[in-house]
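In what follows, a structure is listed as C-alpha cells, so that the remarks can point back to it.
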Amino acid sequence: MRNMSYNKNTSRRVLAALTAGVCLIAAAAFSGCGKKGDPASTGYGELETLPTETQAPPEPPPPPRELDALEDRLNEQLALYEGKWSVYVQDLSTGKEFEINDRKVYAASEIKLFAMAAAYQQVEDGKLAAVSVDDDVEVMISESDNYCFNKILRKIGLKEVNRWCEANGYDETEQHNGLAPASNYSEDLKNGKGRNMTSVRDMGKLLVSIYRGECVSAECSEKMLACLLDQQRRDKIPAGLPKVVKVANKTGETEDETHDAAIVFSEGGDYVLTITVVNPTFAWDMNDQLAEVSETVYDYFNGIPLPELASDSSEED
5 MRNMSYNKNT SRRVLAALTA GVCLIAAAAF SGCGKKGDPA STGYGELETL PTETQAPPEP
65 PPPPRELDAL EDRLNEQLAL YEGKWSVYVQ DLSTGKEFEI NDRKVYAASE IKLFAMAAAY
125 QQVEDGKLAA VSVDDDVEVM ISESDNYCFN KILRKIGLKE VNRWCEANGY DETEQHNGLA
185 PASNYSEDLK NGKGRNMTSV RDMGKLLVSI YRGECVSAEC SEKMLACLLD QQRRDKIPAG
245 LPKVVKVANK TGETEDETHD AAIVFSEGGD YVLTITVVNP TFAWDMNDQL AEVSETVYDY
305 FNGIPLPELA SDSSEED
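Numbering-wise (the numbering used here), the sequence shown opens with residue 5 and increments by one.
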C-alpha cells in the first residue's frame with residue numbers, strides 16, 4: 005500500500021513539474037516577442053491598436069447676420085410705394101434690429117396687443133382670474149373682435165392699458181378710446197385725450213418680449229403667443245411667406261391705415277417684422293405691397309437672392 009501511494013504521489017509531482025516546465029518554456033519563448041518594460045507587451049507581443057477614424061473639427065458658427073443690406077434694400081423698395089411707411093425688424097437670434105421711419109400712427113386694432121398684455125398683467129398680479137379674460141383675449145386677437153376689446157377695457161379699467169405701457173417703456177403707445185363698430189361701444193370709452201396710437205418699434209418690442217417669454221411672465225407670454233398663432237387674418241405679412249412657415253401676427257386697418265405685426269418662425273432664423281402704412285382713403289388696397297415687403301425680409305433671412313427692383317412700381321407693360 006505504501007508503495008502504491010508513493011507511486012501515485014510521485015506521478016503527481018512529476019506531472020506537476022512537467023506542466024510547470026512547459027509553461028516556463030512557453031513563457032520564455034513568447035517573452036522575446038515583446039519589449040521589456042513596454043506596458044503594451046504581453047505574452048503575445050505588442051497589442052495591435054486599430055486605427056481611429058479622424059474626425060473633422062466642428063465647423064465654426066456662421067458669422068452674425070448683418071442687417072445693413074436688408075435695411076438698404078427695404079429703403080429702396082419703400083420708395084417705390086405710395087403712402088407713409090414704417091418698418092421695424094429684429095433678428096431674434098442676435099437681437100440686431102433696425103427701424104425705418106419710426107413714427108406714431110393711429111393704432112387701429114394693433115392697440116389690442118397692448119390691451120392683451122395689460123389684461124394678463126392683472127391676472128399675474130392676482131386682480132383678475134385667468135378664466136375671466138382668456139376667452140375674450142383669444143377672440144379679441146385671433147378674430148380682431150372689437151366687442152371683446154371694449155369688454156376687456158371695462159374689465160381691467162379704462163386707464164390700465166396706458167399704465168401698463170408707461171410702466172414697461174412703450175413710450176409711443178397710447179390708448180384713449182374703445183373701438184367701433186361694436187354693439188357695446190359707447191362714448192364712456194373715450195377719455196378726450198386723443199386717438200389710440202402706437203409705432204412699429206413699440207409693436208416690435210412687445211412681440212420680442214412675447215417670443216422670449218418676458219411679457220408679464222413666461223406663462224402669460226405663452227398664452228399671448230398662442231392667440232397670435234391662431235390669427236385668422238393672414239393677408240398681409242403671412243401672405244408674403246411660404247405656406248409652411250409658422251407666423252404669429254396681429255393686423256390693424258382702416259380706410260386710411262393698414263398695419264401688421266408678426267413673429268416669423270423661418271428655417272433661416274426667427275425674426276420680428278412690424279409694418280405700418282398711412283395712405284388716406286387707399287390703405288385698403290395696399291396689402292399686396294405689405295406682402296412684398298414681407299417676402300423681401302423672408303428671402304434675406306433665408307439666403308434667397310433678392311430680385312432686381314422695378315424702377316417704377318406703377319409702370320405698365
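C-beta atoms are modelled at their ideal positions from N, C-alpha and C, and glycine is treated no differently.
C-beta contact flag for residue i and residue j at 8 Å
i       : j       : result
Cys-152 : Asp-140 : yes
Met-228 : Gly-87  : no
Phe-102 : Val-109 : no
Lys-116 : Lys-254 : yes
Asp-260 : Leu-294 : no
Ala-112 : Thr-258 : yes
Tyr-124 : Cys-224 : yes
Leu-78  : Leu-313 : no
Val-268 : Leu-233 : no
Val-91  : Ile-279 : yes
Gln-126 : Ile-160 : yes
Glu-142 : Thr-202 : no
Cβ shell of residue i (< 7 Å), same chain only, five flanking positions each side left out
i       : result
Phe-305 : Ser-270, Gly-272, Gly-273, Tyr-275
Glu-319 : Caution applies to Glu-319, whose pLDDT of 45 falls short of 50 and renders its modelled position unreliable; the model cannot decide the point.
Arg-167 : none
Asn-188 : Tyr-151, Asn-154, Lys-155
Thr-285 : Glu-259, Asp-260
Glu-128 : Val-220, Ser-221, Cys-224
Val-236 : Note that residue 236 is Gln in the sequence shown here, rather than Val. Excluding sequence neighbours, Gln-236 sits near Ser-146, Glu-147.
Cys-169 : Phe-118, Thr-177
Leu-277 : Val-93, Ile-241, Ala-266, Val-268, Ser-298, Val-301
Pro-311 : none
Asn-172 : none
Lys-247 : none
Cβ-based burial, residue i [other Cβ within 10 Å; buried from 16]
i       : result
Asn-150 : buried
Ala-122 : buried
Asp-95  : buried
Asp-206 : buried
Ala-133 : exposed
Val-204 : buried
Gly-208 : buried
Ala-266 : buried
Glu-164 : buried
Glu-218 : exposed
Glu-226 : exposed
Beta-carbon proximity list for residue i, same chain, < 8 Å, skipping 5 on both sides
i       : result
Arg-238 : Val-251, Asn-253
Ala-287 : Gly-87, Glu-257, Thr-258, Glu-259, Asp-260, Glu-261, Thr-262, Val-281
Lys-197 : Glu-178, His-180
Ala-21  : With a pLDDT of only 43 at Ala-21, under 50, the local geometry of the prediction cannot be trusted, and the value read off the model is given with reservation. Closer than 8 Å at Cβ, skipping near neighbours: no residue.
Arg-1   : Examination of residue 1 is not possible in this model, given that the chain is present from 5 through 321 alone.
Gln-81  : Glu-296, Val-297, Thr-300, Leu-313
Ala-33  : At Ala-33 the pLDDT is 44, less than 50, meaning the model places this residue with poor confidence and gives no usable figure here.
Residues near residue i by beta carbon distance below 6 Å, same chain, minus five either side
i       : result
Pro-309 : none
Glu-75  : Phe-102
Arg-107 : Ser-90
Leu-210 : Leu-117
Leu-162 : none
Residue i at chain D interface by Cβ criterion, 8 Å
i       : result
Asp-234 : Of the protein chains in this structure there is only one, and it is not chain D.
Exercise. Which ranges does the alpha helix (DSSP H) cover as unbroken runs of at least 4 residues, wholly within the segment 147–230, from first to last along the chain?
Worked result: 150–160, 164–171, 204–215
For this session: Enumerate, from N- to C-terminal direction, the unbroken beta strand (DSSP E) stretches of 3 or more residues contained entirely within the segment 246–304.
Result: 250–257, 261–270, 273–282
Problem set entry | Touching by the beta-carbon criterion (3+ pairs, under 8 Å), the segment 154–167 and the segment 209–221 | no
Exercise. Are at least three pairs of beta-carbons, each pair with one atom in the segment 173–183 and one in the segment 192–204, less than 8 Å apart?
Worked result: yes
Exercise. Curious, which full-length alpha helix (DSSP H) runs of at least 4 residues does the segment 100–132 contain?
Worked result: 115–128
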